[in-house]
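K.L.:
Quick note, the sequences are listed as chains A and B, same order. So for the first sequence, the working numbering puts the first residue at 74; every next one is plus one. So for the second sequence, the working numbering puts the first residue at 69; every next one is plus one. Questions regarding the structure given below will be posed in turn.
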Amino acid sequence: MSKHYDIAILGGGPGGYVAAIRAAQLGFKTAVVEKDNLGGICLNWGCIPTKSLLKNAEVYDLVSNHAGDYGLSVEGVSFDFNKIIKRSRSVSAKIVKGVEYLIKKNKVDHIKGFGKIKSKSELEILDSEGNSVDSITADHIIISTGARPKMLPTIPVDRKHIITSTEAMSLEKQPKELIVIGAGAIGVEFAYFYSVLGTKVTIIEMLDSILPIEDNEVSQTLEKNFKKRGIEIYTSAKVEKAEIENDIVKVTIDINGEKKILHADIVLNAIGVTGNIENIGLEELGVETYKNHIVVNKDTYRTNIENVYAIGDVIGAPWLAHVASAEAIHCVEKIKGHNPAVIDYSSIPGCTYCQPQVASIGMTEEKAKADGYELKIGKFPFSASGKSTAMGEREGFVKLIFDAKYGELLGAHIIGAEATELIAEVGLAKSLEATFESIVKTIHAHPTLSEAVMEAAANAYGEAIHI
Amino acid sequence: MKVNVLMPKMGESITEGTLIKWHKKKGDRVEKDEIIFEISTDKVDTEIPCPEAGILSDIKVFENETVVVDTVVAVVDTDGQLEPESKETKQPVVLEEEKVSSTTQVGGELIDVPMPKMGESVMEGTITKWHKKVGDKISRDEIIFEISTDKVDTEVPSPTAGILAEILFKENETVAVETIVARISTSGGIVKQKKLDVDTEKTELENGSVIENKIIEKTNTQIKKSNKFYSPLVMNIAQKENVAFDELEQIAGTGVEGRVTKNDILKYIADRKTGRPETKQKISEPSISSSAESKIETAHFVEGEGIKLIPMDNIRKRIMYHMVNSRDTSVHVTAVMEVDMSRVHNYVKSNKAKYLKEENVKLTYMPFITYACIKALKEYPYLNASIDGNNIVLKQYINLGFAVAVEPNGLIVPNIKHADEKNIRGLTKAIGELSFKSRNKGLLPDDIMNGTFTITNYGVFGSLFGTPIINQPEVGILGVGTVTKKPVVVESNGSDSIAIKPMMYLSLSHDHRLVDGMLGGKFLRSIKETLENFDTSIV
Numbered sequence: 074m075s076k077h078y079d080i081a082i083l084g085g086g087p088g089g090y091v092a093a094i095r096a097a098q099l100g101f102k103t104a105v106v107e108k109d110n111l112g113g114i115c116l117n118w119g120c121i122p123t124k125s126l127l128k129n130a131e132v133y134d135l136v137s138n139h140a141g142d143y144g145l146s147v148e149g150v151s152f153d154f155n156k157i158i159k160r161s162r163s164v165s166a167k168i169v170k171g172v173e174y175l176i177k178k179n180k181v182d183h184i185k186g187f188g189k190i191k192s193k194s195e196l197e198i199l200d201s202e203g204n205s206v207d208s209i210t211a212d213h214i215i216i217s218t219g220a221r222p223k224m225l226p227t228i229p230v231d232r233k234h235i236i237t238s239t240e241a242m243s244l245e246k247q248p249k250e251l252i253v254i255g256a257g258a259i260g261v262e263f264a265y266f267y268s269v270l271g272t273k274v275t276i277i278e279m280l281d282s283i284l285p286i287e288d289n290e291v292s293q294t295l296e297k298n299f300k301k302r303g304i305e306i307y308t309s310a311k312v313e314k315a316e317i318e319n320d321i322v323k324v325t326i327d328i329n330g331e332k333k334i335l336h337a338d339i340v341l342n343a344i345g346v347t348g349n350i351e352n353i354g355l356e357e358l359g360v361e362t363y364k365n366h367i368v369v370n371k372d373t374y375r376t377n378i379e380n381v382y383a384i385g386d387v388i389g390a391p392w393l394a395h396v397a398s399a400e401a402i403h404c405v406e407k408i409k410g411h412n413p414a415v416i417d418y419s420s421i422p423g424c425t426y427c428q429p430q431v432a433s434i435g436m437t438e439e440k441a442k443a444d445g446y447e448l449k450i451g452k453f454p455f456s457a458s459g460k461s462t463a464m465g466e467r468e469g470f471v472k473l474i475f476d477a478k479y480g481e482l483l484g485a486h487i488i489g490a491e492a493t494e495l496i497a498e499v500g501l502a503k504s505l506e507a508t509f510e511s512i513v514k515t516i517h518a519h520p521t522l523s524e525a526v527m528e529a530a531a532n533a534y535g536e537a538i539h540i
Numbered sequence: 069m070k071v072n073v074l075m076p077k078m079g080e081s082i083t084e085g086t087l088i089k090w091h092k093k094k095g096d097r098v099e100k101d102e103i104i105f106e107i108s109t110d111k112v113d114t115e116i117p118c119p120e121a122g123i124l125s126d127i128k129v130f131e132n133e134t135v136v137v138d139t140v141v142a143v144v145d146t147d148g149q150l151e152p153e154s155k156e157t158k159q160p161v162v163l164e165e166e167k168v169s170s171t172t173q174v175g176g177e178l179i180d181v182p183m184p185k186m187g188e189s190v191m192e193g194t195i196t197k198w199h200k201k202v203g204d205k206i207s208r209d210e211i212i213f214e215i216s217t218d219k220v221d222t223e224v225p226s227p228t229a230g231i232l233a234e235i236l237f238k239e240n241e242t243v244a245v246e247t248i249v250a251r252i253s254t255s256g257g258i259v260k261q262k263k264l265d266v267d268t269e270k271t272e273l274e275n276g277s278v279i280e281n282k283i284i285e286k287t288n289t290q291i292k293k294s295n296k297f298y299s300p301l302v303m304n305i306a307q308k309e310n311v312a313f314d315e316l317e318q319i320a321g322t323g324v325e326g327r328v329t330k331n332d333i334l335k336y337i338a339d340r341k342t343g344r345p346e347t348k349q350k351i352s353e354p355s356i357s358s359s360a361e362s363k364i365e366t367a368h369f370v371e372g373e374g375i376k377l378i379p380m381d382n383i384r385k386r387i388m389y390h391m392v393n394s395r396d397t398s399v400h401v402t403a404v405m406e407v408d409m410s411r412v413h414n415y416v417k418s419n420k421a422k423y424l425k426e427e428n429v430k431l432t433y434m435p436f437i438t439y440a441c442i443k444a445l446k447e448y449p450y451l452n453a454s455i456d457g458n459n460i461v462l463k464q465y466i467n468l469g470f471a472v473a474v475e476p477n478g479l480i481v482p483n484i485k486h487a488d489e490k491n492i493r494g495l496t497k498a499i500g501e502l503s504f505k506s507r508n509k510g511l512l513p514d515d516i517m518n519g520t521f522t523i524t525n526y527g528v529f530g531s532l533f534g535t536p537i538i539n540q541p542e543v544g545i546l547g548v549g550t551v552t553k554k555p556v557v558v559e560s561n562g563s564d565s566i567a568i569k570p571m572m573y574l575s576l577s578h579d580h581r582l583v584d585g586m587l588g589g590k591f592l593r594s595i596k597e598t599l600e601n602f603d604t605s606i607v
């Protein structure tokens with residue numbers, strides 16, 4: 074007879090494994106079905122290994138290009154590309170081990186295999202060949218199968234010449250020329266990484282700026298920085314086709330009707346992701362999907378089928394690990410009968426880890442204006458910050474957007490040193506519904522980068538001290 | 069010698085007392101065993117005699133303040149020496165300034181008198197009466213004005229001695245707490261105590277700190293009254309949109325730990341603006357969750373073996389909120405009377421067919437009970453009333469509501485507008501129409517709004533009598549039991565005999581805040597008499 078669980082989770086990424094641990098904490102007998110390592114894309118082929126690569130790039134950039142700024146004489150700086158990749162893989166492995174330990178510690182069963190939903194209470198386990206090897210039953214099933222890079226017929230990925238992020242972080246040889254299609258966080262991070270290592274990088278973005286979901290001022294600042302770095306950028310550019318000829322990829326783009334042909338040995342397809350909704354039994358059970366994601370109630374994360382839930386990338390945007398984890402916890406607590414507050418999708422931080430770093434939460438200035446808010450905007454440049462000057466990283470700014478009527482913090486946009494860490498304060502402020510005053514009256518240590526947040530808030534009301 | 073007068077220990081279980089009245093003023097001569105103040109505790113009220121003869125040299129606890137037993141309430145100086153006058157004018161908050169002024173300035177200074185903070189939830193107060201005019205001489209702790217807030221009415225004592233220099237708000241003006249409402253010039257009083265010796269200054273400081281501590285303690289307990297967290301943004305919105313703290317406390321929070329979020333308050337304001345009747349229900353929503361949560365640990369059920377979870381529909385939710393809100397608002401008392409329905413019964417029996425034919429309505433007891441009830445309401449208008457803060461609202465019109473059960477499990481209370489202008493026929497028709505509309509979703513918001521009294525007829529289900537819940541903001545509800553034939557003792561010509569009569573219980577739940585037992589009884593008796601002496605001529 075098949076083993077029975079209170080909750081069975083399909084997929085062991087930052088949605089699935091977090092759901093499993095939370096479920097176990099709440100006393101549920103829990104299984105997580107995952108064919109690969111635990112940790113999903115995030116730990117294995119996403120967030121974590123790329124942060125390792127980016128740190129390498131950052132250090133290399135600092136030592137080779139800026140040592141002199143600090144009065145250091147360094148000569149003969151070089152790197153071993155394979156060692157950089159190796160470090161990234163070992164960082165990933167270390168973190169994955171940690172998750173395996175947590176799963177074990179919480180007495181969650183990790184069932185290795187490919188899970189397929191047979192009914193609203195039964196999962197079939199398949200091996201890598203697709204043979205049925207086992208089945209389990211469960212009172213509740215949580216689907217957290219995540220997402221994978223989106224493919225287009227015009228950009229035929231062969232994983233050698235035209236690659237996805239997975240290959241981009243495990244190449245054997247550094248590309249000479251790299252074309253990155255799509256200037257979202259993934260595209261921009263790889264562009265930065267390879268550019269620092271000396272690859273000639275070209276970015277192609279369909280929308281009118283790189284990091285198009287960020288505040289326009291931020292995007293412009295980053296674009297300027299990237300261009301200075303020697304990265305070629307084509308915005309409002311549509312890729313018509315990418316062809317592989319003799320180990321060279323030829324990319325034809327269309328910029329407002331004007332055609333251009335670019336060449337590179339490697340092309341990275343970073344146009345976005347698509348939910349993993351195929352071959353897991355959704356059609357057979359009648360789970361409602363829309364385009365490429367599962368439709369759920371965003372309070373219970375239940376699908377249209379009783380006892381079947383879905384969380385994370387497989388339910389669509391914003392495709393962020395921290396959102397998947399938050400949804401996981403919320404979903405499991407709801408199953409337990411708790412009444413957690415509904416997740417506020419307007420207060421989700423987004424981070425891009427190139428240098429300068431980009432981090433934001435809430436509305437952009439453009440969006441807030443379009444929504445009809447009267448705004449009070451405060452900006453504080455890091456060039457006016459003592460700490461960032463001492464650090465030698467004076468680029469960028471903190472920009473806070475307040476609603477003039479009630480003083481609500483609508484959005485925060487940071488570009489510059491440690492932006493991805495600085496955003497946490499603003500996130501807390503926003504989720505606690507802090508107003509300009511709450512931020513300004515919070516004493517920030519001096520000298521720190523976070524003072525810039527306080528000053529930006531003060532600046533929105535004309536009270537900044539240092540500008 | 070100085071003798072401390074303490075808050076007496078009135079019994080083992082009594083830990084604190086409230087000083088309700090001072091019989092003596094500071095500086096008064098007091099004899100041994102003369103009553104100097106009165107206290108009230110949760111067990112008894114009593115007068116406190118002075119332990120020694122002397123001069124009442126200091127008062128440390130003011131009227132309406134509550135302090136723990138053994139707290140020093142007053143100091144009597146047995147040497148008959150009045151403490152230096154400075155003492156009298158000392159107020160902890162202005163102590164520093166006074167010291168400065170006494171040495172540098174001879175003209176005295178202006179002391180602000182703010183609208184006092186009467187509790188965490190009280191945001192404003194109305195000045196109901198000025199006891200002093202500009203130019204009047206005032207001693208410390210003398211009442212200078214009276215205020216009224218949504219919680220309490222109180223008299224405000226002067227923080228200092230001096231002359232009332234300015235009155236900034238007139239009577240009946242409402243101002244936020246801590247707004248300056250008057251200014252007192254301390255010149256004259258204070259200036260004389262220019263040469264304070266070091267010792268007096270010290271005692272004053274001690275006194276000052278004692279009083280300050282007490283104030284702090286008090287504020288803390290007041291904060292405890294509301295342990296909800298409101299975000300700065302919610303507070304901003306509340307202030308800008310004039311949402312009183314009490315209202316805020318009533319908004320159902322959907323945030324973390326039930327916090328009121330921006331969206332919750334904006335929704336509340338939007339509902340308030342459109343005047344939708346749901347607003348009221350929303351207000352009462354939290355009182356359920358908060359009281360339920362604080363009193364009992366809410367059980368969480370998970371659907372599964374033997375348990376099926378059905379989300380409440382809107383009407384069920386509204387009924388739930390209404391009922392809990394009413395229970396939490398009114399002090400329900402239920403009185404029951406038995407009514408001989410012979411006359412009505414006979415009339416209904418013999419005219420049923422006629423009504424059906426002529427009016428196309430089914431004649432029931434209801435119009436007669438309704439009629440009798442309206443008559444009683446006219447006689448006793450306090451049952452046709454509401455309570456608004458400390459006001460009694462007497463309504464000059466009678467919109468009589470009656471509860472209609474709506475299948476499968478709903479309940480709605482439409483009301484007959486100006487029911488007092490209708491006769492039995494009119495009432496019969498109105499009841500028929502509104503019942504039909506209720507059961508067929510045909511009611512308009514107006515049909516259920518502005519009711520003044522309600523009748524609920526659970527007798528149709530066979531119940532003898534019940535204890536109905538008042539339909540807010542009314543103050544009474546009449547429950548109608550089933551009419552059953554019963555043997556009853558009848559007295560005629562001085563001899564008792566047993567007869568079979570159609571009898572009915574009427575129960576009246578009334579809000580004891582406004583309607584006492586006597587009034588409730590009289591009201592019920594009036595209905596009983598009308599029904600028992602029913603005269604066909606009124607039809």
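Ideal placement from N, C-alpha and C gives every residue a C-beta, glycine not left out.
Closest Cβ-Cβ distance between S359 of chain B and chain A: below 8 Å?
P.N.:
Only weak support is given to the placement of S359 of chain B: the predicted model assigns it a pLDDT of 39, under 50, and the value that follows is read from those uncertain coordinates. By this cut-off, S359 of chain B is not an interface position.
K.L.:
Put I384 of chain A into one of helix, strand or coil per three-state DSSP.
P.N.:
In this structure, I384 of chain A counts as coil in the three-state DSSP scheme.
K.L.:
Quick one: Cα of A104 of chain A to Cα of K180 of chain A, how far?
P.N.:
One C-alpha to the other measures close to 9 Å.
K.L.:
From the DSSP output, in three-state form, read off K363 of chain B for me.
P.N.:
Low confidence applies to K363 of chain B: its pLDDT is 39, below 50, so where it sits in the model is not reliable enough to give any reading.
K.L.:
I'd like to know if L473 of chain A contacts chain B, where contact means its C-beta is closer than 8 Å to some C-beta of that chain.
P.N.:
No, L473 of chain A does not count as interfacial toward chain B.
K.L.:
Taking just the CA atoms, how far does H395 of chain A sit from T308 of chain A?
P.N.:
Between T308 of chain A and H395 of chain A, the C-alpha separation is close to 29 Å.
K.L.:
For I254 of chain A, which three-state DSSP category applies?
P.N.:
Three-state DSSP puts I254 of chain A in a strand.
K.L.:
Curious, which full-length alpha helix (DSSP H) runs of at least 4 residues does the segment 269-312 of chain A contain?
P.N.:
Runs found: 289-302.
K.L.:
Consider the Cβ of F369 of chain B: report whether some Cβ of chain A lies at a distance smaller than 8 Å.
P.N.:
So, interface residue.
K.L.:
Per DSSP, what are the beta-bridge partners of S208 of chain A in this structure?
P.N.:
Its beta-bridge partners are A:E197.
K.L.:
Which bits of chain B does L505 of chain A rub up against, with CB to CB less than 7 Å?
P.N.:
In chain order: S299.
K.L.:
May I ask which residues mark the beginning and end of the beta strand (DSSP E) holding E107 of chain A?
P.N.:
Where E107 of chain A is concerned, the enclosing beta strand (DSSP E) stretches over 103-107.
K.L.:
What are the start and end residues of the beta strand (DSSP E) that includes T114 of chain B?
P.N.:
Where T114 of chain B is concerned, the enclosing beta strand (DSSP E) stretches over 113-117.
K.L.:
For the alpha helix (DSSP H) that P435 of chain B lies in, which residues bound it at each end?
P.N.:
Start and end: 434-447.
K.L.:
What residue range is occupied by the uninterrupted alpha helix (DSSP H) comprising L225 of chain A?
P.N.:
Unbroken run through L225 of chain A: none, as it is neither H nor E.
K.L.:
Indicate whether at least one CB of chain A lies closer than 8 Å to the CB of T432 of chain B.
P.N.:
T432 of chain B does not count as touching chain A.
K.L.:
Measure the C-alpha to C-alpha separation of L145 of chain A and D134 of chain A and round it to an integer number of angstroms.
P.N.:
Each residue's Cα considered, the two are about 14 Å apart.
K.L.:
Which residues in the same chain have their Cβ closer than 6 Å to the Cβ of H413 of chain B, if we skip the five residues on either side of it in sequence?
P.N.:
Closer than 6 Å at Cβ, skipping near neighbours: P570.
K.L.:
Need the endpoints of the alpha helix (DSSP H) that K178 of chain A sits in, please.
P.N.:
Run containing K178 of chain A: 154-178, per the alpha helix (DSSP H) assignment.
K.L.:
Taking Cβ-Cβ distances shorter than 9 Å, what residues in chain A pair up with K330 of chain B?
P.N.:
Y479, E481, E506, listed in chain order.
K.L.:
Below 9 Å on C-beta distance, what does A414 of chain A contact in chain B?
P.N.:
Under the 9 Å cutoff, chain B gives G321, T322, G323, V324, E325, G326, R327, T329.
K.L.:
According to DSSP, which residues form a beta bridge with C120 of chain A?
P.N.:
BP columns for C120 of chain A are empty, so no partner.
K.L.:
Classify Q464 of chain B as helix, strand or coil using the three-state DSSP reduction.
P.N.:
Three-state result, Q464 of chain B: coil.
K.L.:
Could you pull out every residue in the same chain whose Cβ sits closer than 6 Å to the Cβ of E400 of chain B, ignoring the five residues on either side in sequence?
P.N.:
The residue asked about is misnamed: residue 400 of chain B is His in this sequence, not Glu. S577, listed in sequence order.
K.L.:
Leaving aside the five residues before and after H580 of chain B along the sequence, list all residues of the same chain whose C-beta is less than 6 Å from its C-beta, in chain order.
P.N.:
These residues qualify, in order along the chain: V399, V401.
K.L.:
What are the residues in the segment 189-211 of chain A lying within 8 Å of chain B by C-beta distance?
P.N.:
The residues in question: there are none.
K.L.:
If I276 of chain A sits next to A256 of chain A, beta carbons under 8 Å apart, how far is it from one beta carbon to the other, in whole angstroms?
P.N.:
Indeed, because the Cβ distance is near 5 Å, the residues count as touching under 8 Å.
K.L.:
Classify C424 of chain A as helix, strand or coil using the three-state DSSP reduction.
P.N.:
If DSSP states are grouped into helix, strand and coil, C424 of chain A belongs with the strands.
K.L.:
Is D209 of chain B helix, strand or coil when you go by DSSP?
P.N.:
Coil at D209 of chain B, not helix or strand.
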